[in-house]
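If you're matching positions, the first sequence starts at 1 in full-length UniProt numbering and goes up one per residue.
Idealized CB from N, CA, C, for every residue including glycine.
This report concerns only the one structure given below.
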Amino acid sequence: MPTSEVLSERLLPWFEDQGRGGDDLPWRQEGTTAWGVLVSEVMSQQTQVARVAPVWERWMRRWPTPADLAAAPTADVLREWDRMGYPRRALRLQECARIVAEKYDGSVPSDPAELERLPGIGVYTAAAVAVFHYGARHPVVDTNVRRVVARLGGAADAGTATTKADLAATEALLPDGAEAAARVSVALMELGALVCTARKPECGVCPVAAECGFAGQEIPPGPSRKRQRYTGTNRHVRGEVMKLLRDADGPVPRERIDAVWPDSRMLDEAISQLISDGLVGTDESGQFELPSA
DNA sequence: GAGGCGTGGGA
DNA sequence: TTCCCAAGCCT
1 MPTSEVLSER LLPWFEDQGR GGDDLPWRQE GTTAWGVLVS EVMSQQTQVA RVAPVWERWM
61 RRWPTPADLA AAPTADVLRE WDRMGYPRRA LRLQECARIV AEKYDGSVPS DPAELERLPG
121 IGVYTAAAVA VFHYGARHPV VDTNVRRVVA RLGGAADAGT ATTKADLAAT EALLPDGAEA
181 AARVSVALME LGALVCTARK PECGVCPVAA ECGFAGQEIP PGPSRKRQRY TGTNRHVRGE
241 VMKLLRDADG PVPRERIDAV WPDSRMLDEA ISQLISDGLV GTDESGQFEL PSA
């Protein structure tokens, strides 16, 4: 496990030389608002940045401020979200926009604890906004950082998320200055994404391999986590229904929904859930559509 | 605290 | 083709 000084010394130069140097993503451009950063982080929850970037650019052009998004029809919001997945995030993001616009007078809070109270904003996203936009000195721990820090300490992989311990372990690796600490956080994320990957870490090209407790060791074969199949699941059904409604011009009768899934029991269940989630609405004639408000 | 929640890119 | 899993969050 390197000291914070040594880590910065090795990691930051590597990060600068990394073709991307961290500033190729559109939301890393100077002048991006706090709201823009928040939107980018929410979109990036479980969706690859390469798929997020084009959506983010259209989105911010269309709704630059929280007030703009707050005032938008939810159906438009869901269509602009397109196929990034987990569309409930779009709903929560609009709810976020309404809260920021009304309760915070349009200014995104800078305090992580305050940010965490917003819908869809958890420990990671709150820290990311506080650090990457506001420049706070605070650990930013995503799945990549957890894995990298665990391996520096000699573990093959991070165990179950234990927020407190992860934050403390990461905090101990940050340099004193807030600005440098923020760079280290991005660099750790990037290292985990590009070099210290879950499946096959490339210790040969890792800038901190010499200080790493795990470097060069084999990943123990482990049924790390049982992963749910997607095909045929409830999620799959929900996805098909949402796709149909996104692509539809107006309200859709049940018969057209029946066409996207053979099992009507599953369809019933999925539709009820979607309505209850606020992702689907019905018009006066009982046809289905994206929420009008 | 384990499981649910979309979608698609890459090996 | 099939399988993994990606800048998590919520219940």
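Distance from the CA atom of residue 253 to the CA atom of residue 71, rounded to whole angstroms, is 28 Å. Considering only 34, 286, 58 and 159, the residue with the shortest C-alpha distance to residue 97 is 34. For residue 280, the three-state secondary structure derived from DSSP is coil.
For the pair residue 27 and residue 63, the CB atoms are not nearer than the 8 Å cut-off. A straight line joining the alpha-carbon of residue 15 with that of residue 112 spans about 26 Å.
Cβ contact annotation for residue 136 (same chain, cutoff 6 Å, sequence separation greater than five): 130, in chain order. Setting aside the 5 residues that flank it on each side, residue 203 is surrounded in the same chain by 209, 215 and 216, each with a C-beta closer than 6 Å to its C-beta; the list follows chain order.
In this structure, the beta-carbon distance from residue 59 to residue 39 falls below 8 Å.
Annotation: residue 1 to residue 152 spans about 5 Å, alpha carbon to alpha carbon. In the structure shown, residue 289 adopts extended strand secondary structure according to DSSP, grouped into three states.
Beyond the five residues adjoining it in sequence on each side, residue 119 comes within less than 7 Å, by CB distance, of 92, 95 and 96 in the same chain, given in chain order. With respect to the 8 Å criterion, residue 292 and residue 101 are not classified as neighbours on the basis of their beta carbons. Distances from the CA of residue 163 to each of 132, 290, 249 and 124 were compared; the closest alpha carbon is that of 124. Distance between residue 116 and residue 103, taken at the CA atoms: about 15 Å. With 16 or more neighbouring CB atoms inside 10 Å of its own CB, residue 192 falls in the buried class. In the DSSP assignment, residue 164 falls within the alpha helix (DSSP H) that extends over 163-171. If you draw a straight line from the Cα of residue 238 to the Cα of residue 68, it is about 28 Å long. Considered as a whole, the UniProt domain "HhH-GPD" (43-194) harbours no complete run of any beta strand (DSSP E) with no fewer than 3 residues.
Inclusion of residue 290 and residue 246 in the CB contact set at 8 Å is warranted, their separation being smaller than that value. DSSP places residue 208 outside both helix and strand once states are collapsed to three, so it counts as coil. When the Cα atoms are used, residue 83 and residue 243 turn out to be separated by approximately 8 Å. Here residue 229 is exposed. Its C-beta has fewer than 16 other C-beta atoms within 10 Å.
Following the DSSP letters along the chain, one finds residue 2 in no alpha helix (DSSP H), marked with neither H nor E.
Bounds of the alpha helix (DSSP H) holding residue 240 are 234-247. Where residue 254 is concerned, the enclosing alpha helix (DSSP H) starts and stops at 254-258. Residue 231 and residue 85 have their alpha carbons spaced roughly 15 Å apart.
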